[in-house]
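Visitor: Take the position in the sequence shown, starting the count at 1, then add 986; the result is the number in the numbering used here. No residue lacks a Cβ here, since even glycine has one placed at the ideal position from N, Cα and C. All of these numbers come straight from a predicted model, not from anything done at the bench.
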Amino acid sequence: DVPMNWLNTAFVLGAAFLAVFGEAAFGGLRHLVGAQIDLLPPLMVYAGLCTGITTVALLAVCAGLWFDSLSANPLGVTVLPLFAIGLAIHLKRELILRDQTFAQLVLGLAASMATSLLTLLLLLSMGRNPLLGWGTLWQIVVVSVGGAIATPIWFALFGWLQRTLVHHRAVESSFRPDRQIRRGRL
């Protein structure tokens, strides 16, 4: 069971690294809709529901620092919002219908919106002066809707990776194929 957890953690961190790189390298969608879709909160939804607290913490720290190093954010400001979202989801994961697409959409929307608002609150608390206005509202809406759409995609991708690359143990039956079956009267 330990190799599977390690492999799932490697999948999640690798996906976070590729998501941050993709967001920084390819800006076509950003120029089209006027906001950058953040793939880390939907990934944190997956990690909070399907992995352990260690993976959630590693994802928050690594992905937050990777994201901040390639953005205008101060280094480390994204770590706390990502971890708060992941921890909240992880603590309530028994109550959440993780296999339902609608629940994934709602969680992705809420996590993306909360991450954006918490990051904005941290920036204001640090004395930074981010540009605030109607454009900020538009960006939060685009990030939230994009996060809602991306969440079921993350679940499908990781489900496919698990089915394809992780060996599952065969379930043993109580039926033995070499046993003799007696028929007729006793």
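Which residue wins for smallest C-alpha separation from proline 1067, given the options Leu1103, Ala1142 and Leu999?
Guide: Of the listed residues, the one whose Cα sits closest to proline 1067 is Leu1103.
Visitor: If you run the structure through DSSP and keep just helix, strand and coil, what is histidine 1076?
Guide: In the structure shown, histidine 1076 sits in a helix (DSSP, three-state: H, G or I).
Visitor: Is the Cβ-Cβ distance between valine 1129 and isoleucine 1039 less than 8 Å?
Guide: Cβ atoms of valine 1129 and isoleucine 1039: not closer than 8 Å.
Visitor: Nearest-angstrom Cα distance between serine 1057 and alanine 1096?
Guide: Each residue's Cα considered, the two are about 22 Å apart.
Visitor: When we look at the beta-carbon of serine 1111 and count the other beta-carbons within 10 Å, is it buried (16 or more) or exposed?
Guide: Exposed: under 16 other Cβ atoms inside 10 Å.
Visitor: Under a Cβ-count criterion, where at least 16 other Cβ atoms within 10 Å of its own Cβ denotes burial, should tryptophan 1052 be classed as buried or exposed?
Guide: Per the 10 Å Cβ criterion, buried.
Visitor: Pull up the distance between the alpha-carbon of glycine 1050 and that of arginine 1149, whole angstroms please.
Guide: Whole-angstrom Cα-Cα distance: 28 Å.
Visitor: Verify whether the separation of the beta carbon atoms of valine 1063 and leucine 1029 is less than 8 Å.
Guide: For valine 1063 and leucine 1029, no; Cβs fall outside 8 Å.
Visitor: Under 8 Å between the Cβ atoms of phenylalanine 1069 and alanine 1046?
Guide: Contact flag set, yes.
Visitor: Return the chain-ordered ranges of every alpha helix (DSSP H) run that is complete within the stretch 1108-1168 and spans a minimum of 4 residues.
Guide: Fully enclosed alpha helix (DSSP H) runs of 4 or longer: 1120-1151.
Visitor: Quick check on DSSP: helix, strand or coil for alanine 1010?
Guide: Reduced to three states, the DSSP call for alanine 1010 is helix.
Visitor: Between threonine 995 and arginine 1016, what straight-line distance do the alpha-carbon atoms span, to the nearest angstrom?
Guide: Between threonine 995 and arginine 1016, the C-alpha separation is close to 29 Å.
Visitor: Would you tell me roughly how many angstroms separate the C-alpha atoms of aspartate 987 and glycine 1013, rounded to the nearest one?
Guide: Confidence in aspartate 987 is poor, its pLDDT being 35 and thus under 50, which makes the residue's placement too unreliable to answer from.
Visitor: Closer than 7 Å to a non-hydrogen atom of the ligand PLP - does that hold for the CB of arginine 1016?
Guide: In the structure shown, the ligand PLP is absent, as is every other ligand, since no ligand is present at all.
Visitor: Assign proline 1027 to buried or exposed, taking buried as 16 or more other Cβ atoms, counted over all protein chains shown, within 10 Å of its Cβ.
Guide: Buried: at least 16 other Cβ atoms inside 10 Å.
Visitor: Return helix, strand or coil for glycine 1170, following the three-state DSSP convention.
Guide: Coil at glycine 1170, not helix or strand.
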